[in-house]
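Protein sequence lines, in the order shown, are assigned to chains Y and R.
Residue numbers for the first sequence follow our numbering, beginning at 1 and rising by one.
Residue numbers for the second sequence follow our numbering, beginning at 289 and rising by one.
Using N, Cα and C, we set each Cβ at its ideal position, and we do this for glycine too.
Because the structure is a prediction, the values reported are computed rather than measured.
Have a look at the structure below before the remarks.
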Amino acid sequence: MHIVVCIKQVPDSAQIRIHPVTNTIMRQGVPAIINPFDLFSLEEALRIKDKVGARVTVLTMGPPMAETSLRKALSLGADDAVLLTDRKFAGSDTLATSYALTSAIKKLSEEETVDLVFCGKQTVDGDTAQVGPGIATRLGFQQLTYITKIESIDQGAKEIVVHRRSEGGVQVLKTALPCMITMLEGTNTIRFGKMDDMFRSARYSLKTWSKDTTGAEETKVGLKGSPTVVSKVFVPKPRAQKAKMIEAEAPSAEAPSAEAMAAAAVEAILGAQPKLADELLARAAAGL
Amino acid sequence: MSEPSKPQGRKFQLPEHLKEYKGIWVIVEQERGSVHSVSWELVGEARKLADKLGVEVGAVVLGADSPDLNAICADAFTYGADVVYKVTDPVLADYRTDPYTRVMTDVVNTYKPEIVLLGATTLGRDLAGAIATTLATGLTADCTELDIYMDNRSLAATRPTFGGTLLCTIQTLAYRPQMATVRPRVMSMPDRDGSRTGRVVEVFPTLREDDVITKVLSFIADREQTEAQLAFADIIVAAGKGLGKPENLKLVFDLAKVLGGEVGVTRPLVQAGWTGFDRQVGQTGKTVRPKLYIAAGISGAIQHRVGMEKSDLILAINTDANAPIFDFAHLGLVGDALTILPALTDAFGKRLSVNRLAG
Numbered sequence: 001m002h003i004v005v006c007i008k009q010v011p012d013s014a015q016i017r018i019h020p021v022t023n024t025i026m027r028q029g030v031p032a033i034i035n036p037f038d039l040f041s042l043e044e045a046l047r048i049k050d051k052v053g054a055r056v057t058v059l060t061m062g063p064p065m066a067e068t069s070l071r072k073a074l075s076l077g078a079d080d081a082v083l084l085t086d087r088k089f090a091g092s093d094t095l096a097t098s099y100a101l102t103s104a105i106k107k108l109s110e111e112e113t114v115d116l117v118f119c120g121k122q123t124v125d126g127d128t129a130q131v132g133p134g135i136a137t138r139l140g141f142q143q144l145t146y147i148t149k150i151e152s153i154d155q156g157a158k159e160i161v162v163h164r165r166s167e168g169g170v171q172v173l174k175t176a177l178p179c180m181i182t183m184l185e186g187t188n189t190i191r192f193g194k195m196d197d198m199f200r201s202a203r204y205s206l207k208t209w210s211k212d213t214t215g216a217e218e219t220k221v222g223l224k225g226s227p228t229v230v231s232k233v234f235v236p237k238p239r240a241q242k243a244k245m246i247e248a249e250a251p252s253a254e255a256p257s258a259e260a261m262a263a264a265a266v267e268a269i270l271g272a273q274p275k276l277a278d279e280l281l282a283r284a285a286a287g288l
Numbered sequence: 289m290s291e292p293s294k295p296q297g298r299k300f301q302l303p304e305h306l307k308e309y310k311g312i313w314v315i316v317e318q319e320r321g322s323v324h325s326v327s328w329e330l331v332g333e334a335r336k337l338a339d340k341l342g343v344e345v346g347a348v349v350l351g352a353d354s355p356d357l358n359a360i361c362a363d364a365f366t367y368g369a370d371v372v373y374k375v376t377d378p379v380l381a382d383y384r385t386d387p388y389t390r391v392m393t394d395v396v397n398t399y400k401p402e403i404v405l406l407g408a409t410t411l412g413r414d415l416a417g418a419i420a421t422t423l424a425t426g427l428t429a430d431c432t433e434l435d436i437y438m439d440n441r442s443l444a445a446t447r448p449t450f451g452g453t454l455l456c457t458i459q460t461l462a463y464r465p466q467m468a469t470v471r472p473r474v475m476s477m478p479d480r481d482g483s484r485t486g487r488v489v490e491v492f493p494t495l496r497e498d499d500v501i502t503k504v505l506s507f508i509a510d511r512e513q514t515e516a517q518l519a520f521a522d523i524i525v526a527a528g529k530g531l532g533k534p535e536n537l538k539l540v541f542d543l544a545k546v547l548g549g550e551v552g553v554t555r556p557l558v559q560a561g562w563t564g565f566d567r568q569v570g571q572t573g574k575t576v577r578p579k580l581y582i583a584a585g586i587s588g589a590i591q592h593r594v595g596m597e598k599s600d601l602i603l604a605i606n607t608d609a610n611a612p613i614f615d616f617a618h619l620g621l622v623g624d625a626l627t628i629l630p631a632l633t634d635a636f637g638k639r640l641s642v643n644r645l646a647g
């Protein structure tokens, strides 16, 4: 079985700061990580490899420095890694990105048929959750998003049974390989790499592919291949009025007591929302 | 919203043959006879946009034919739809990506709407990505604001980006339909008008169960509905890192209990394992719009803000008088949440019980 796991190198969003004066993103010193949502999919792929045997190829599209994330994935147990990188891909939106990645998966499939593609549920920088479905649609694979559990996988019969999170519960689905899976967060924990995988990862010579390697058409990638246009990027406007600060009387120079502040806060809340006060009182009166 | 800046370097003219695309559609999300509320929120929003453009609002209802489905079609009019596309087939009884995508692609190609909106739910995001790829058009995910730029009559879809640090406005200028998903509770629920009716266009796709590879073996309904309770709570008491340690979460639960509200938390608390993901409010968690939101020990990072700023009344409690949360809260209290929270619990408790005795 051949499994392709698509990953993305992203800036650690918890550490992004906005410059207070220029209102631009301060990228300097922000560490790059594997998109956290991708790790749940990578771990699931590695578990399938452990259980039934499989070759796991990690694939990323990005600038040359995305190599770091591929090596990290190799050190965790992936067998092969492909870096899809080309200036022509710059500015791709989700439609163009899924096209480019699909061209690489098709090329991988020529070497060894791909049975399963894993993608992250979404990325932490783009947050679209659109590339996975885009790849599934383009490959004609069954699309299994928000998977909480892979119940069984039968290589011979090419059947897979999964649990899929939907709004009011969990769908138990049975389908046929090949398929594209995105795992829900929290469904597993990424393993620690083994020492020999770490050494292998350091020595591994990455496959670096360009647009021409995969035969992607120029009009379908980059800005040309992207229907969406970013017309404006901006910092959210502050509310016209800042918060009305709650104050309370205090004896001499001491700070007001928590009780005095709380009492003032309750009056401010009920004063600002008289209807809410009525509802709360009605609820209290009903003994709720 | 302010005027758009002109995109640089690329040409964005709508080709002549795409100009016949007219109307704004909402794909109504129904599963087992009940409609996800985001669908009606979107019909309300579509109404506003359609009035601006002078076009019709279409609601697409898919499923197996049933009395429930007819009731949903009737409801769609009362929320603001002009036309309901009722697409029925036994194969559509349960949501599955393949048949839903196939049918929706056909219906869009036949009736040619200029805008298609879906809820950013597990179903909506799954389906939208597949439809947009099949139609090779632009899709903007997780929008927090929709508008029409009248100079070219295009949809301006605004969404948080970079984990919510910035907002960006995205347009699909040279392709149709323009697609977007919108998170639940971002748009307000429209008032119903029981007197409104409209046209029903019945669509009977030719689907065969044998052609559908994915089968639904069973459906396990959720036992607890904490998520729904948080998204629809009237009162939310939320905690951030300022609470110091997990044990102190008890203080927000106590206050929430007195107020009959729910407890929400920021993302760092979920990441640190204080509580489950289902209580996370913000960009990657739930969007909420309660009548009262009490933010305790929350600095007000934009990732959190986008999930709660539409609350009717926000009270922020923080030791740092310069915390960004005071820039968008309505009421601010500079103080230690650890002492203010129990005091608030007492004060509300007394206030409510005094009245109860008096009443």
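When DSSP assignments are scanned along the segment 390-478 of chain R, the uninterrupted stretches of beta strand (DSSP E) that are 3 or more residues long and fall wholly within it turn out to be 403-407, 427-431, 433-437, 442-449, 454-460 and 466-470. Note that the C-beta distance between R:T460 and R:Q466 is below 7 angstroms.
The alpha-carbon separation between Y:L74 and Y:G62 amounts to approximately 17 angstroms. Under DSSP, R:V348 takes part in a beta bridge, and its partners are R:I315 and R:Y373.
In this structure, DSSP gives R:L619 an extended state, which the three-state scheme calls strand. In the same chain as R:V558, and ignoring 5 residues on each side of it, the C-beta atoms closer than 6 angstroms to its own belong to F565 and Q568, in chain order.
In the three-state reduction of the DSSP assignment, R:T502 falls in the coil class. Under the three-state reduction of DSSP output, Y:Q171 falls in the strand class.
With the criterion set as a beta carbon lying under 9 angstroms from some beta carbon of chain Y, the segment 532-543 of chain R has no members that meet it. Along the segment 368-387 of chain R, the positions whose C-beta sits under 9 angstroms from a C-beta of chain Y are D382, Y383, R384, T385 and D386, read in chain order. DSSP places R:P355 in the uninterrupted alpha helix (DSSP H) bounded by P355 to Y367.
For the pair Y:A78 and Y:V58, the CB atoms are nearer than the 7 angstroms cut-off. Y:R55 sits close to Y:H2, with the two beta carbons spaced by under 7 angstroms.
Neighbours of R:T502 across chain Y, judged by C-beta separation under 9 angstroms: Q142, Q143, L144, L173, K174, T175, A176 and C179.
Under the DSSP assignment, R:Q591 falls in the alpha helix (DSSP H) whose first and last residues are I590 to M596. Chain-ordered, the chain Y residues with CB closer than 9 angstroms to the CB of R:C456 read V230, S231, K232, V233 and F234. Segment contact: the segment 339-359 of chain R against the segment 465-482 of chain R, fewer than three CB-CB distances shorter than 8 angstroms; contact not assigned.
In this structure R:I605 does not touch R:A589 by the C-beta definition: roughly 16 angstroms separates them, more than the 8 angstroms allowed. Bounds of the beta strand (DSSP E) holding Y:R55 are R55 to M61. The segment 313-328 of chain R and the segment 161-170 of chain Y touch, with no fewer than 3 CB-CB distances between them shorter than 8 angstroms. With the criterion set as a beta carbon lying under 9 angstroms from some beta carbon of chain Y, the members of the segment 595-623 of chain R are E597, D600, L601, I602, L603, A604, I605, A609, P612, I613, F614, D615, F616, A617, H618, L619, G620, L621, V622 and G623, in sequence order. In the DSSP annotation of this structure, the continuous segment of the beta strand (DSSP E) that includes Y:P11 starts and ends at Q9 to P11.
Using a Cβ-Cβ cut-off of 7 angstroms, R:L443 does not count as an interface residue toward chain Y, since no Cβ of chain Y sits closer than that to its own.
Taking CB atoms only, Y:A157 has no neighbour in chain R less than 7 angstroms away.
When Cβ pairs closer than 8 angstroms are counted between the two stretches, the segment 593-611 of chain R is seen not to touch the segment 221-234 of chain Y, the count staying below three. The beta carbon of Y:E151 sits no closer than 7 angstroms to any beta carbon of chain R. When C-beta distances to chain R are compared with 8 angstroms, the residues of the segment 88-102 of chain Y below that value are D93, T94, L95 and S98, in chain order.
In this structure, the beta-carbon distance from R:V345 to R:D370 falls below 7 angstroms. Around Y:I269, the beta-carbon contacts reaching into chain R at under 8 angstroms are L580, L601, L603 and L619.
Taking C-alpha positions only, R:T389 is separated from Y:P274 by approximately 48 angstroms.
Look at Y:D115: its C-beta is not under 7 angstroms from any C-beta on chain R.
Contact between the segment 516-531 of chain R and the segment 405-416 of chain R is absent, with fewer than three C-beta pairs closer than 8 angstroms. Beta bridge pairing from DSSP links R:N606 with R:V622. It is roughly 9 angstroms from the alpha-carbon of R:A418 to the alpha-carbon of Y:G132.
Y:M245 reaches chain R at A609, F614, L619, G620, L621 and V622, counting residues in chain order whose Cβ is nearer than 9 angstroms. Contact check for Y:P64 and Y:V124: beta-carbon distance about 21 angstroms, past the 8 angstroms limit, so the pair fails to qualify.
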